[in-house]
Each structure stands twice: as C-alpha cells, then as structure tokens.
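Down below is the structure, laid out as structure tokens.
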Amino acid sequence: MPENAMPDTDAILSFPWGDPPEPDEFVKAGMRWHFSEDTGSAFWLEQAKAFDFDPLVDIKTFDDLKLFPNVVSALRTVKLEDLVPKGYGSSGRLLDVYESGGTTGAAKRVPFMRDWRDRTLEFEKRDLTSRGLPQGLNWLSMMPGRPHYIGGFTDYEAVNMGGVKFSIDMDPRWVKKLAAEGRHDQMSAYAEHLVDQAEHLLLTQDIGILLITPPLLERLCRRGKLVEAVREKVSAILWGGTHMDADTRRLYRTEVFPGITMVGGYGNTMYIGIAKERIGLGPDEPCVFDGHPLHTTFRVIDDQTGEPVPCGERGRVVATHLSKSLFLPNNMERDTAIRVPAPAGQVGDSVAHPEPLTAFEDEQVNVGVY
C-alpha cells in the first residue's frame, strides 16, 4: 500500500470469516467509519462533541475503547434513524429494528442492517454445521418473537439452514411484569400455556431443531410424552436466554437427552448477536461462551475498580459490539460471569456460568421465562 493511501475501511470491517484482520487495524477502521462526517451516524457524531478525546486520532487499539462511555441507556429514546451510519446512503439497507426484553425498564432498540444479517447468517451456518447440525430440518422456537433479536434473526436462520421455523406466541415482558408484582401463580400458568402451544407443534410437526429457554425446557421435561417426542424427532437443542447451572446441563446431556446435540447461547439484543458455547466441551466442564470474532468482545471486570478480575474469578460482564452496522462500546451487562481466557487469536475474555444480577440500573431484574 502506498505510504499515504487510506486502508479499505469497508473491506476491513467486512473481513472474510476465517481470515480476520489485525485487531488494531479493525478498531481503527471502525473509528473511521463511525466517526467520519460522511459515514458516521448522527448519534455518534453528536456524542463525539462531548468527548475529551478524538476517536479518529486517539483510539488505536481494543484497549483504547475503554475511553468511551456506556451509552446503551440512550437507546431507549434515540430515534432509530440517528443510529444508522450515513455511509449506507439511501440504499434501503435497514432491514429490521430489534428491542431488548425490558428486563430493567423501558425497552432499548437497535437497527438491524441487511449486510449484518447476511454476514451473521454466513457465520452461524458455518458454526452450526461445524457442530454437526444437519441442514434441511424444521425449527421450533420456544423463545420470544419479534421485536426481539432472537425471534427476528432466527426467522432468517432457520430458512438459511434449509428449514422453516415454527414458533409459540411468547410475550416475555408480560411474564416479567408478573414477576415484578409477585404474581407467581400467574407466571406459572403462563409458562404452562407456552408449553401447551409447543406440545401441539412437537406432536404434529416434523421438528428437528428445538430453540428453547432453560425455564421452559425444565417445564417441557415434566411431560413424559414431550420428552419422548424430543428424543424421537429432535437432532439439536439450542438453549439460551437465561442461565443453566452445571448440574442441570450435565443431566440433560447425559441422561434426559443423550445423543442429542445441545448448544448453549449467551446473547443480547444490544450486541445483535449470540455468543455460542465453546465447541468440544464435555458434560462435566464449565459452559464457556466465546465472543463473535472481533465484532463482539467481552471483558470481565471488578464492579468497583473497573479492572479485570483474575481468570477463574467472577466479575461483571462488559460487552462491546463493533461492526459496520453498529458501534456499542462498554455495555455493562446485567450478568456476572467467570472470566476465562479467550481462544487463541481472539480479543478480550470468554465467559463461563453467567448469572443475572438481582438489580441493575436501579431496577429490579426480573428474568421470567427468558
């Protein structure tokens, strides 16, 4: 490259899977895209006016990203269009808008761009097939639907894997409202209502992939005919949304559903992605989740000092998303987790055994069924 030539920002941010750029070059490309006047979003260009640093000059490494404030709370009220980078132009690349589950108050929302959809679909297909999941199977989702990321994205993912997605009708915000009000009998009745919907689909349709939360998987297992239906039909169970303890995970993998591939996911609408369970973990090993290479990175820190906790100790999870479509740094998650070294060549930390806080952002955390 000539000495004064600018690197191809778009190519760096959209690197081919399996051939990532040098991490610092990736960060600098992200800063050029999100903070240049002709490509950055109205939101970030306005935010930058208050910084005591220049993202285009001072942010050169992943570690430098710690200088940014956590702006996630602003996503409750900011106009969606202000979050879309101007570099996309008027080409109609905004595909969807996804919202958080309202665990800690009013929902936050993020744009979902068409190129990020296509990029993530490619990554997920590579990941799932590398785990031995066959293509051409139908999915049953016992997860929230739209406007939540997991519901919207898996609509595309099931089709991309050669099947279709059946869904139950779940409103996680209603369950969380019931939990906040102490109406536990109604919570239980609603959860049974969700399993009733799944029962009809499992018994009448060809379901090969089950996408489910741990609380609903536990309730499903109370019905013997559904356990038998899963054993007979389902090739893989993809679980996530709430945590699953080690003993329960071992029980499912070795006794309840032996021979069925089980893959955990640790996801969040605010980083529009899912960190998958590390490949090759045995039933007695901790369930470790690795970030999305370069695009989604984790740090596990001491809540009081902001410094990383030692590997093997529990701390607060901080997530950063950096892609062409979105930049959200230093998102303080509502979870703690055990800090684990990331895979070789990957930036940041991996996380094990995530557990929810009881309170977050001055609000009680109500997990419910998701």
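For the sequence shown, my numbering gives the first residue as 1434, with consecutive numbering after it.
Note that beta-carbon positions come from the ideal geometry of N, C-alpha and C, so glycine has one too.
Being a predicted model, the structure only gives us computed values, none of them experimental.
Close beta carbons around residue i, own chain, < 6 Å, minus the five adjacent residues each side
i       : result
PHE1448 : PRO1454
LEU1727 : PRO1453 and PHE1459
VAL1660 : CYS1654
ILE1707 : GLY1698 and GLY1700
GLN1630 : ILE1601
SER1533 : ALA1540, LYS1541 and THR1702
GLY1393 : The displayed coordinates of the chain run from 1434 to 1803. Any statement about residue 1393 would go beyond what the structure contains.
ASP1795 : For ASP1795, the predicted model reports a pLDDT of 49, less than 50, meaning its position is unreliable; a value from the coordinates is still stated below. None.
LEU1566 : ALA1669
Within 8 Å, strictly: CB atoms of residue i and residue j
i       : j       : result
SER1563 : LYS1519 : no
ARG1808 : LEU1498 : Because residue 1808 is not part of the residues shown, which for the chain are 1434 to 1803, the question remains open.
TYR1704 : PRO1787 : no
VAL1721 : ALA1785 : yes
MET1575 : LEU1500 : no
ASP1735 : GLY1748 : yes
HIS1581 : THR1675 : no
CYS1744 : PRO1774 : yes
ALA1662 : LEU1635 : yes
LEU1561 : MET1546 : no
TRP1672 : PRO1647 : yes
ARG1656 : PHE1690 : no
ALA1679 : PRO1719 : yes
VAL1750 : ASN1763 : no
VAL1733 : ILE1693 : no
LEU1508 : VAL1530 : no
TRP1477 : PHE1468 : yes
GLY1595 : GLY1569 : yes
LEU1761 : VAL1505 : yes
Enclosing beta strand (DSSP E) for residue i [first to last residue]
i       : result
THR1753 : 1747 to 1755
ARG1772 : 1760 to 1774
ARG1732 : 1729 to 1734
HIS1786 : 1782 to 1789
MET1575 : 1572 to 1575
TYR1531 : 1527 to 1532
For residue i, the first and last residue of its enclosing alpha helix (DSSP H)
i       : result
GLU1590 : 1582 to 1593
SER1600 : SER1600 -> not in any alpha helix (DSSP H); beta strand (DSSP E) instead, spanning 1598 to 1600.
VAL1804 : In this structure the chain extends from 1434 to 1803, so residue 1804 is not present and cannot be described.
PRO1743 : Here PRO1743 belongs to no alpha helix (DSSP H), and DSSP marks it neither H nor E.
ARG1559 : 1547 to 1563
VAL1608 : 1605 to 1613
Neighbour-count burial assignment, residue i, 16 or more Cβ in a 10 Å radius
i       : result
GLU1710 : buried
GLU1590 : buried
ASN1503 : exposed
ILE1645 : buried
GLU1557 : buried
PRO1544 : buried
GLU1555 : exposed
GLY1641 : buried
GLN1638 : exposed
LYS1461 : buried
SER1783 : buried
THR1738 : exposed
PRO1384 : The requested residue 1384 is not part of the displayed model; the chain covers only 1434 to 1803.
GLN1480 : buried
HIS1617 : exposed
ILE1771 : buried
HIS1754 : buried
GLY1463 : buried
MET1434 : Summary for MET1434: the model assigns pLDDT 38, below 50, so the residue's position carries little reliability; its value from the coordinates is reported in the next sentence. It counts as exposed.
LYS1609 : buried
Chain-order list of residues whose beta-carbon lies under 8 Å from that of residue i (same chain, five-residue window excluded)
i       : result
VAL1597 : ASN1571, TRP1572 and ALA1591
GLU1625 : ARG1652
THR1687 : PRO1716
TRP1549 : ILE1705, SER1756, LYS1757, SER1758 and LEU1759
GLY1491 : One point to set straight first is that residue 1491 is Asp, not Gly, in the sequence displayed. If we look at ASP1491 and ignore the five residues flanking it on each side, its Cβ neighbours are ASP1497 and LEU1500.
ASP1471 : LYS1519 and GLY1520
Near the ligand GDP: residue i beta-carbon under 7 Å from a heavy atom
i       : result
ARG1616 : Ligands in the displayed structure: none, and consequently the ligand GDP is not present.
Own chain residues within Cβ distance below 7 Å of residue i, not counting five before or after
i       : result
SER1621 : none
VAL1780 : PRO1456, PHE1495, LEU1727 and THR1730
TRP1450 : GLU1555, PHE1556 and ARG1559
VAL1696 : ARG1564, ALA1669, LEU1671, LYS1709 and GLU1710
VAL1517 : SER1474, LEU1527 and PRO1544
VAL1511 : PHE1476
ASN1593 : LEU1554 and LYS1558
(message) What ranges does the alpha helix (DSSP H) occupy inside the region 1446 to 1513, keeping only unbroken runs of at least 4 residues that lie completely in it?
(response) The alpha helix (DSSP H) runs of length 4 or more contained entirely in the region 1446 to 1513 are, from start to end of the chain, 1456 to 1468, 1475 to 1481 and 1488 to 1491.
(message) So within the region 1643 to 1705, which uninterrupted beta strand (DSSP E) runs reach at least 3 residues, ignoring any that extend past its ends?
(response) Listed in chain order, they are 1669 to 1673 and 1694 to 1701.
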